[in-house]
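Only one structure is covered here, and it is reproduced in the block below.
Protein chains in written order, with the working numbering: chain A, 1 to 443; chain B, 1001 to 1464.
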């Protein structure tokens, strides 16, 4: 019994035998190779392999969960889940999803990944180090990683869902700083990933991180004013993506913590903003045919031209709020399903980043935001890392220690530009954004 | 398992470290009467580290057969060998040190397994109910119990052969009170290395619920503190937070090499001569410290490491690798959270040693200041020892007497400056950081504490 889905089906039967009414079993089998970079040198390289099974047992609307990576402990796991279910309080919303017919996505598994060895991964990491060394002696790759993930996910439940699929993913990122005498530049961070071995290219992100670090050398004090800010995709992630994900998470709606709990159909952002979460995006980092509960992934518009169209649901929240399940159950086989995005994107605008900058008389470009952004109040304040002053429509000079502050809910509504260029930040794909009326303070 | 690992180790070429680790963990959490999680997790596997040509390689496997573990050894060696060609910095050799052999077990009269899942779940539900019914002002509650039970076998080719049994339960209560649109939070928690009764030896769960409620409700009535530089008395909980977060991380040898503020300062005065700060594997003064570690994950027997001795910086915290680099003895601080993690430098139980003053005496000696208790609302500290912590409970001290409660207090400063300002150290002792985890890429159970002490910090006042 080597196939993951058969292991899951067996655990389902055993859990039923131990007295569960409904049962869900989720399995993940993953092989990982990680080569880490630290301070311009290779760090310890790692090879890992694990199969994890998690079972949710239901008994009269009560639920218990147990998981293990130990094939000799499956029986104990099934028994634990049933014991916990029977000791738990009932909750009417404890139900499992039913089977829906849907196609499997293609392109998330590359058989060539199986032949990828640790030597190949080390070669890629060394390439990143070599690129940085050849660009400029002042550069330091303070941190970085090249990793390979090859795995299979399987889900079976007592409502007839039975799905399995394999995937491969190559992930690489670089954190670069530049040191010139006593001066240390801003740290810049860049990330990319691909599903296919032949599409691996560590050069663009390594170069971009290094160029940004070098570009911020010589940064001097900025100026204080209230005005326009261009956010890089990295900074947009810190300030807006996490804010939108928090408000759109149905769990936070249910807890009464989402500011948008009563805002479905109303305007929450500038009409330039359309936010999509597409679990079937070709070559997406978060692409998969089905979610953590076996519900098919689909393309969902969370915000269409500024209007809030949907929350992200799993079965529990959809039931509790009387809304449609959107297939956003997320998490590993180690824990009960939570809620999370798959491939979150802000759709590109029509104008280039250069055009957005060209209209600014006085502004600041922020490549990274370091500070506080409160998801409940929307208030943010922090340091514009890798900041540049924009004067008369062009980037004039790097600035340091500049503070930006404002309210993200308001900034999202009043923003005046979305670039046509986009970059990948983990599983998010984001454009450059132009904000209005931000308080900018020279530090 | 010990024989199996020793057999594999005997046949391995070069230096190899094998760590078998089975973890059984349980988590139960309830929020507002609704069960958020009740789960068990069993993780079993072997983590292998190999040293080839002066470079480490790491592999982990869940295949616990001789073939499966031997394959992981080959993978770790292969990873090391391949990296060695490209890696610049090499390890000359690992320092010789007394490696652990034999049995090491957590001591308790009341093992966690003597209490059923049903009993633990019922306790969490009952305490959550108690919080919500304690006062009309309580609008939200959250109670959680979790436990880790570990069995490890550590074998190295240079002589470690240890079998380790450990158990670490913890319990947390949170209450939110509301009145006229104003909200305040109260919390209490406990965590130990030991059994079920040991977890509640200090305070029964009901007392923890009542304390969380009282803190939440009382704060609604309290005024916000004003910002100022003030004389304060820190309780053992805050002394622990300061020792761990703001001082401890800056003496982790890997961070020292990364440029932490303590770099190059061994032998120099960094604190008041009343301050002796240690990090200990075994519990000291009071048993059941949550960070108890008898043998570290490199098989090094732990002891008490004196970091600051009467104000003088004496030692960093080391793994075998960093000890080799600095030319000192390893301190037994290499820890791995799960079988698939490689050992890195972590703290255990970090504390300031008790002094000679009675707590009453110290309070009575303050003309104007604050009595501050416990960490609340989070905080942060950097490798330059700059910190900012939220305080859970704060009272004014006026003319040597504890006065009214104030809310919204944060403390900040440079931790070494604060330690230089220490002018009285209590003769009491308590652990105070047992619940929760320390994060550094991977998690670790740690504890921290000390006596009460008097010092000067910057008080942050009202924060919206």
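Think of the CB as a built atom: it goes at the ideal place given N, C-alpha and C, for glycine as much as any other residue.
On a predicted model such as this, the values are computed, not experimentally measured, just so you know.
Review point. Would you say residue 1089 (chain B) faces chain A, with C-beta separation under 8 Å as the test?
Key: Your numbering for residue 1089 (chain B) matches position 89 in the second chain. Yes, residue 1089 (chain B) counts as interfacial toward chain A.
Point to revise | C-alpha distance - residue 84 (chain A) paired with residue 1036 (chain B), whole-angstrom precision | key: By 1-based counting over the first chain, the position of residue 84 (chain A) is 84. By 1-based counting over the second chain, the position of residue 1036 (chain B) is 36. Straight-line Cα distance between these residues: approximately 12 Å.
Exercise for review: Identify the contact partners of residue 261 (chain A) in chain B, using a Cβ-Cβ distance below 9 Å as the criterion.
Suggested key: Within the first chain, numbered from 1, the residue matching residue 261 (chain A) stands at position 261. None at all; the shortest Cβ gap to chain B is about 16 Å.
**Study point:** The alpha helix (DSSP H) enclosing residue 86 (chain A), as first and last residue numbers
**Key:** On the first chain, position 86 is the one that residue 86 (chain A) refers to. In the DSSP assignment, residue 86 (chain A) falls within the unbroken alpha helix (DSSP H) covering 74–87.
Practice item. Taking 8 Å as the threshold, find out whether the stretch 1008–1015 of chain B comes into contact with the stretch 1038–1056 of chain B through three or more Cβ pairs. Key: Note that the stretch 1008–1015 of chain B touches the stretch 1038–1056 of chain B; at least 3 beta-carbon pairs, one per stretch, sit closer than 8 Å.
**Study point:** Cα-Cα separation, residue 1127 (chain B) to residue 1205 (chain B)
**Key:** Locating residue 1127 (chain B) in the second chain gives position 127, where the first residue counts as 1. Locating residue 1205 (chain B) in the second chain gives position 205, where the first residue counts as 1. Going by the C-alpha atoms only, they are around 7 Å apart.
Practice item. Give the residues from the stretch 304–337 of chain A that approach chain B closer than 8 Å (Cβ to any Cβ), ordered along the chain. Key: Answer set for the stretch 304–337 of chain A: 334, 335 and 336.
Review point. Quick one: Cα of residue 230 (chain A) to Cα of residue 278 (chain A), how far?
Key: Counted from its first residue, the first chain places residue 230 (chain A) at position 230. Counted from its first residue, the first chain places residue 278 (chain A) at position 278. In this model, residue 230 (chain A) and residue 278 (chain A) are separated by some 26 Å (Cα to Cα).
Check your understanding: Using 8 Å as the limit for Cβ to Cβ distance, is residue 1132 (chain B) near chain A?
Key -> Locating residue 1132 (chain B) in the second chain gives position 132, counting from the first residue. No, because no Cβ of chain A sits closer than 8 Å to the Cβ of residue 1132 (chain B).
Practice item. Using the Cα positions of residue 1463 (chain B) and residue 1228 (chain B), report the straight-line distance between them to the nearest angstrom. Key: Looking up residue 1463 (chain B) in the second chain gives position 463. Looking up residue 1228 (chain B) in the second chain gives position 228. Caution applies to residue 1463 (chain B), whose pLDDT of 42 falls short of 50 and renders its modelled position unreliable; the model cannot decide the point.
**Study point:** Given residue 1068 (chain B) as reference, the closest of A:59, A:61, A:50 and A:57 once Cα atoms are compared
**Key:** Position 68 of the second chain holds residue 1068 (chain B). Nearest option by C-alpha distance: A:50.
Practice item. Between the Cα of residue 1135 (chain B) and those of B:1060, B:1116, B:1146 and B:1211, spot the shortest distance and give me the residue it belongs to. Key: Along the second chain, read from residue 1 onward, the residue named residue 1135 (chain B) stands at position 135. Closest by alpha carbon: B:1211.
Review point. Hey, does residue 73 (chain A) have any beta-carbon neighbour from chain B nearer than 8 Å?
Key: Taking the first residue of the first chain as 1, we reach residue 73 (chain A) at position 73. Taking Cβ atoms only, chain B reaches closer than 8 Å to residue 73 (chain A), which makes this a yes.
Review point. Does the count of Cβ pairs from the stretch 287–298 of chain A and the stretch 316–331 of chain A closer than 8 Å reach three?
Key: Contact check between the stretch 287–298 of chain A and the stretch 316–331 of chain A: three or more CB pairs, one atom from each, fall below 8 Å, which counts as touching.
Review point. Any idea if residue 1350 (chain B) is buried or exposed, counting beta-carbon neighbours within 10 angstroms, 16 or more meaning buried?
Key: If you number the second chain from 1, residue 1350 (chain B) lands on position 350. Label assigned to residue 1350 (chain B): buried.
Check your understanding: Around the C-beta of residue 1092 (chain B), are 16 or more other C-beta atoms found within 10 angstroms, so that it is buried, or is it exposed?
Key -> Start at 1 with the first residue of the second chain, and residue 1092 (chain B) comes out as number 92. By the neighbour-count definition (other C-beta atoms within 10 Å, threshold 16), residue 1092 (chain B) is an exposed residue.
Check your understanding: Helix, strand or coil: which one does DSSP assign to residue 431 (chain A)?
Key -> Looking up residue 431 (chain A) in the first chain gives position 431. Note: residue 431 (chain A) maps to strand in three-state DSSP.
Review point. For residue 321 (chain A), does the three-state DSSP call read helix, strand or coil?
Key: Within the first chain, the letter at position 321 stands for residue 321 (chain A). Here residue 321 (chain A) sits in helix by DSSP.
Review point. In chain order, what residues of the same chain lie with their CB nearer than 8 Å to the CB of residue 131 (chain A), ignoring the 5 residues before and after it?
Key: To locate residue 131 (chain A), count along the first chain from 1; it is residue 131. For residue 131 (chain A), where only same-chain residues beyond five positions count, the Cβ hits under 8 Å are 202, 203, 206, 207 and 210.
Check your understanding: Does residue 17 (chain A) come within less than 8 Å of chain B when only Cβ atoms are used?
Key -> The sequence position of residue 17 (chain A) within the first chain is 17, counting from 1. Output row for residue 17 (chain A): interface = no.
Point to revise | Residues that residue 1086 (chain B) contacts on chain A, provided the C-beta gap is smaller than 7 Å | key: The residue given as residue 1086 (chain B) occupies position 86 in the second chain. Against residue 1086 (chain B), the close residues of chain A are 42, 122 and 126, in the order they occur along the chain (beta-carbon pairs closer than 7 Å).
Check your understanding: For the putative contact between residue 42 (chain A) and residue 1424 (chain B), defined by C-beta atoms under 8 Å, what is the C-beta separation to the nearest angstrom?
Key -> Start at 1 with the first residue of the first chain, and residue 42 (chain A) comes out as number 42. Start at 1 with the first residue of the second chain, and residue 1424 (chain B) comes out as number 424. The Cβ separation is near 50 Å, so there is no contact.
Check your understanding: Does any CB atom of chain A fall closer than 8 Å to the CB of residue 1062 (chain B)?
Key -> As a working note, residue 1062 (chain B) is residue 62 in the second chain. Interface residue, yes.
Review point. Going along the stretch 44–62 of chain A in order, which residues come within less than 8 Å of chain B, judged by CB to CB distance?
Key: For the stretch 44–62 of chain A, residues whose beta-carbon sits nearer than 8 Å to a beta-carbon of chain B comprise 44, 45, 46, 47, 48, 49, 50 and 51.
Practice item. Quick one: residues in its chain with C-beta nearer than 6 Å to the C-beta of residue 1042 (chain B), no 5 flanking neighbours on either side, listed in chain order? Key: Looking up residue 1042 (chain B) in the second chain gives position 42. For residue 1042 (chain B), where only same-chain residues beyond five positions count, the Cβ hits under 6 Å are 1024.
Review point. Are the stretch 1358–1376 of chain B and the stretch 1398–1407 of chain B touching by the rule of at least three beta carbon pairs closer than 8 Å?
Key: Segments in contact, yes.
Review point. Is there contact between the stretch 1103–1122 of chain B and the stretch 1165–1176 of chain B, where contact requires at least three CB pairs shorter than 8 Å?
Key: In this structure the stretch 1103–1122 of chain B touches the stretch 1165–1176 of chain B; the number of beta carbon pairs closer than 8 Å is three or more.
Exercise for review: Please confirm if the stretch 1224–1244 of chain B is in contact with the stretch 1428–1437 of chain B, defined as three or more CB-CB distances below 8 Å between the two stretches.
Suggested key: Yes: the two stretches touch, three or more of their Cβ pairs being nearer than 8 Å.
**Study point:** Check whether residue 274 (chain A) and residue 305 (chain A) have beta carbons under 8 Å apart
**Key:** By 1-based counting over the first chain, the position of residue 274 (chain A) is 274. By 1-based counting over the first chain, the position of residue 305 (chain A) is 305. In this structure, the beta-carbon distance from residue 274 (chain A) to residue 305 (chain A) falls below 8 Å.
Point to revise | Cutoff 7 Å; reference residue 450 (chain A); Cβ partners in own chain excluding five residues on either side | key: There is simply no residue 450 (chain A) to check, as chain A begins at 1 and stops at 443 in what is shown.
Exercise for review: State yes or no: is the beta carbon of residue 1340 (chain B) nearer than 8 Å to at least one beta carbon in chain A?
Suggested key: Here the question's residue 1340 (chain B) lines up with position 340 in the second chain. Chain A contact via Cβ: present.
Practice item. Give the interface partners of residue 340 (chain A) over in chain B, defined as CB-CB distance under 7 Å, in chain order. Key: Along the first chain, one-based indexing puts residue 340 (chain A) at 340. Going along chain B, no residue has its Cβ under 7 Å from residue 340 (chain A), so there is no contact; the nearest lies around 16 Å.
Check your understanding: So, is the C-beta of residue 84 (chain A) closer than 8 Å to a C-beta in chain B?
Key -> Residue mapping note: residue 84 (chain A) aligns to position 84 of the first chain, counting from 1. With respect to chain B, the C-beta atom of residue 84 (chain A) has a partner C-beta closer than 8 Å.
Check your understanding: Does the stretch 1382–1390 of chain B touch the stretch 1248–1259 of chain B, meaning 3 or more C-beta pairs lie closer than 8 Å?
Key -> Look at the beta carbons and you see the stretch 1248–1259 of chain B touching the stretch 1382–1390 of chain B: at least three pairs across the two are nearer than 8 Å.
Exercise for review: Please list the residues of the stretch 145–158 of chain A that have a C-beta atom closer than 8 Å to any C-beta atom in chain B, keeping them in chain order.
Suggested key: For the stretch 145–158 of chain A, which is checked against every Cβ of chain B, not one residue is closer than 8 Å.
Exercise for review: Name, in chain order, the residues that DSSP records as bridge partners for residue 260 (chain A).
Suggested key: Working through the first chain from its first residue, we reach residue 260 (chain A) at position 260. For residue 260 (chain A), which the question treats as bridged, DSSP gives no partner whatsoever.
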